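What follows is a set of notes on a single structure, which appears directly below.
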Amino acid sequence: NFSEMWCGIEAAPGYLKPVVKVATGGTTGSSLAICGYHNVASGIYNKILIVGWEKLQEGGATTGIITAFDPVWERPSLAGALGPLALMASMYQHKYGITPEQAAGVTVKNRRNAANNPFAHLKMPDLTVEDVMKSQTISYPLRLHDCCPQSEGACAVIYANEEETKNITDNPAWIQAVETAHNLDCRL
């Protein structure tokens, strides 16, 4: 399985080392981070290297992702990952009385914050609520400016226990908490 992971592995330092592939669509980055944390925090490993990458331009990501959803409740939306997210957004807006303009305000705030990040994929510091409201609806109530773009990139992070960090750096970043959720409760 995952033969692409073994190309040239004999020449790499990872030869005969455990390899785990994590693929959770748009949440792969955070799932990978949590997986790395649990592998070290549990004591299974003292030190590990987590490597993540995404290359979307050469495949049909949405076509593949749609098959991962519940065939009765989620697949008919035909919107890849956005269909179920749109259902949750709609439910949230209804439950808490959030107007479309208030939701657009969150998008504006997020895009302005991203403009301060030199590595941000999109920099839209001048985006307005009106701009968001006029953008194309992708999957109601989500509009184009609400959605993240498809991005390509890579990242490598070393996770280590307290003892191992002494051999790596004088200034480690410590993980204080992790959380993940895996259930779509819109169908209740």
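To convert, count from 1 in the sequence shown and add 430; that's the working numbering.
Virtual Cβ for every residue (Gly too), placed ideally from N, Cα, C.
All figures in this text were calculated on a predicted structure; none of them were measured in a lab.
Buried or exposed by the 16-neighbour rule on C-beta atoms within 10 Å, applied to residue i
| i | result |
| --- | --- |
| residue 533 | buried |
| residue 602 | exposed |
| residue 583 | exposed |
| residue 576 | buried |
| residue 537 | buried |
| residue 474 | exposed |
| residue 466 | buried |
| residue 478 | buried |
| residue 449 | exposed |
| residue 572 | buried |
| residue 605 | exposed |
| residue 462 | buried |
| residue 574 | exposed |
Endpoints, beta strand (DSSP E) assigned at residue i
| i | result |
| --- | --- |
| residue 477 | 477 to 484 |
Best match in the options for proximity to residue i [C-alpha to C-alpha]
| i | options | result |
| --- | --- | --- |
| residue 588 | 599, 579, 581, 578 | 599 |
| residue 480 | 472, 558, 451 | 451 |
| residue 512 | 473, 448, 607, 570 | 570 |
| residue 607 | 457, 471, 456 | 471 |
| residue 539 | 528, 461, 558, 529 | 558 |
| residue 638 | 551, 476, 545, 462 | Residue 638 is absent from the model: the chain starts at 431 and stops at 618. |
| residue 556 | 549, 541, 563, 525 | 541 |
| residue 531 | 585, 563, 516 | 563 |
| residue 457 | 524, 515, 502, 447 | 515 |
| residue 482 | 453, 476, 502, 468 | 453 |
| residue 459 | 593, 549, 585, 597 | 585 |
| residue 593 | 468, 476, 455 | 476 |
First and last residue of the uninterrupted alpha helix (DSSP H) at residue i
| i | result |
| --- | --- |
| residue 519 | 512 to 526 |
Where residue i falls: helix, strand or coil (DSSP)
| i | result |
| --- | --- |
| residue 464 | helix |
| residue 607 | coil |
| residue 534 | helix |
| residue 470 | helix |
| residue 451 | coil |
| residue 618 | In this predicted model, residue 618 has a pLDDT of only 44, less than 50, meaning its place in the structure is not dependable; the value taken from the coordinates is given anyway. Correct three-state label for residue 618: coil. |
| residue 457 | helix |
| residue 431 | For residue 431, the predicted model reports a pLDDT of 47, less than 50, meaning its position is unreliable; a value from the coordinates is still stated below. Looking at residue 431 - three-state DSSP - the assignment turns out to be coil, as it is neither helix nor strand. |
Chain D within 8 Å of residue i, Cβ atoms only
| i | result |
| --- | --- |
| residue 447 | The question asks about chain D, but that chain is absent: this structure has only one protein chain. |
Would you list, in sequence order, the uninterrupted beta strand (DSSP E) runs of no fewer than 3 residues that lie entirely inside the segment 545 to 605? 567 to 569, 583 to 590
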